[in-house]
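Residue numbers for the sequence shown follow the working numbering, beginning at 43 and rising by one. Built from N, CA and C at the ideal position, the CB exists for glycine as well. See structure below.
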Amino acid sequence: MTLVEYVRSTPFIVCAHRGASGIAPENTLASIQAALDSGAMMVELDVQVTRDNALVVFHDDHLDRTTDGKGLICDRTLDEVKSLDAGSWFDAKFNREHVPTLAEALLLVKGRAYVNIEIKPLIASVESATNIYAIVQTVIDAQMSEYTVFASFDHHALLYIKSIDPHLNTIALNVPNDQRLPHEVVRECLAAGYGCSLEELTIERVEDCIEHHIPIGVYTVNTPTELEYVLELGVQGVVSNYPDVVTKHYLSLRHSS
Ligand code: G3P
Ligand code: MG
43 MTLVEYVRST
53 PFIVCAHRGA
63 SGIAPENTLA
73 SIQAALDSGA
83 MMVELDVQVT
93 RDNALVVFHD
103 DHLDRTTDGK
113 GLICDRTLDE
123 VKSLDAGSWF
133 DAKFNREHVP
143 TLAEALLLVK
153 GRAYVNIEIK
163 PLIASVESAT
173 NIYAIVQTVI
183 DAQMSEYTVF
193 ASFDHHALLY
203 IKSIDPHLNT
213 IALNVPNDQR
223 LPHEVVRECL
233 AAGYGCSLEE
243 LTIERVEDCI
253 EHHIPIGVYT
263 VNTPTELEYV
273 LELGVQGVVS
283 NYPDVVTKHY
293 LSLRHSS
């Protein structure tokens, strides 16, 4: 089933944030595998670009927090980045984890779950457009475009993605302090979905999404209490560091209702 068909047919989606980043080192194959094992139907990944233009699954600009390397990732070649330990900072048992390429991550998810690729805000430039194009092309090469959504706070990047192919799925992430209603935000950047943080979630935003048939997802929802709160408001999807906890609780609520 394509992502569009799935969103239409399911009442609720759990998306693993940077993989199951609460139980395995974020954005590694281990965290992606943990997300798949937890039953998450979607996996969110961040992408960075190395000095030699390789696309890798990585959140920060700098290597320091989540590897044993230092400095900007864009200053290192793929070989240099691949040589780093991307797991021990989380737990010694993950010392064999390395930074995956986007293609490696897609291969692991393919046929098992949908992918949410977050495009980090970029300074408008030919280089940025080239990088976004390369991300999209990697998804197309993996034959995953119908199973992928591109999410971003950078709404110009989303417009650019739609200009590459209007069938590509996008989600507009709410820019902090943007007071516009979701339908105004998604209309401007042609996004099919809307995302905001738990702190930004309001009844007005949810009602606006329901009125305009816009799927709304919320990040980051990690506990049963948070899950019940967003379900009560009518949210259709959550991004979670603990997709195992959230999925289990969602299923238990459904069984008891
Ligand atoms: O899904 C949105 C969320 O991933 C945005 O924040 O910093 O975790 O990439 P961040
Ligand atoms: Mg992200």
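| Check | Outcome |
| --- | --- |
| Burial state of E68, where buried means 16 or more other Cβ atoms lie within 10 Å | buried |
| Beta-bridge partners of G111, as assigned by DSSP | Answer by DSSP bridge pairing: none, since G111 is not bridged. |
| Beta-carbon proximity of V280 to V260, cut-off 9 Å | yes |
| Proximity test, H59 beta-carbon vs the ligand MG heavy atom, cut-off 8 Å | yes |
| With 16 other Cβ atoms within 10 Å as the buried cut-off, status of Q278 | buried |
| E86, buried or exposed, once every other Cβ within 10 Å from all chains shown has been counted against 16 | buried |
| T212: first and last residue of the uninterrupted beta strand (DSSP E) it sits in | N211 to L215 |
| Strand pairing of G225, partner residues [DSSP] | Position check: residue 225 holds His in this sequence, whereas Gly was assumed. Its beta-bridge partners do not exist; DSSP assigns none. |
| Whole-Å CB distance - S73 paired with G61, under 8 Å assumed | 3 Å |
| Extent of the continuous alpha helix (DSSP H) run through Q75 | L71 to D79 |
| Beta-ladder partner(s) of L295, from DSSP | According to DSSP, which records beta bridges pairwise, L295 is partnered with nothing at all. |
| Contained alpha helix (DSSP H) runs [length at least 4] in the stretch 117-146, N- to C-terminal order | 120-124 |
| Cβ-heavy atom distance, D102 to the ligand MG, below 8 Å | no |
| Whether N211 touches A58 by CB criterion (9 Å) | no |
| CB-CB length for V123 against T92, believed under 8 Å | 6 Å |
| Beta carbon nearer than 6 Å to a non-hydrogen atom of the ligand MG | E86, D88 and E160 |
| Between the CA atoms of A155 and Y271 - distance to the nearest angstrom | 25 Å |
| Extent of the continuous beta strand (DSSP E) to which T92 belongs | Premise fails: T92 is in no beta strand (DSSP E) and is neither H nor E. |
| Check: L215 C-beta below 8 Å from any heavy atom of the ligand G3P | yes |
| Any 3 or more C-beta pairs closer than 8 Å across the stretch 133-152 and the stretch 173-187 | yes |
| The ligand G3P heavy atom lying under 8 Å from the CB of T143 | no |
| Outcome for V168 when other beta-carbon atoms lying within 10 angstroms are tallied against a minimum of 16 | exposed |
| Anticipated Cβ contact below 8 Å, L148 with V181, distance rounded | 7 Å |
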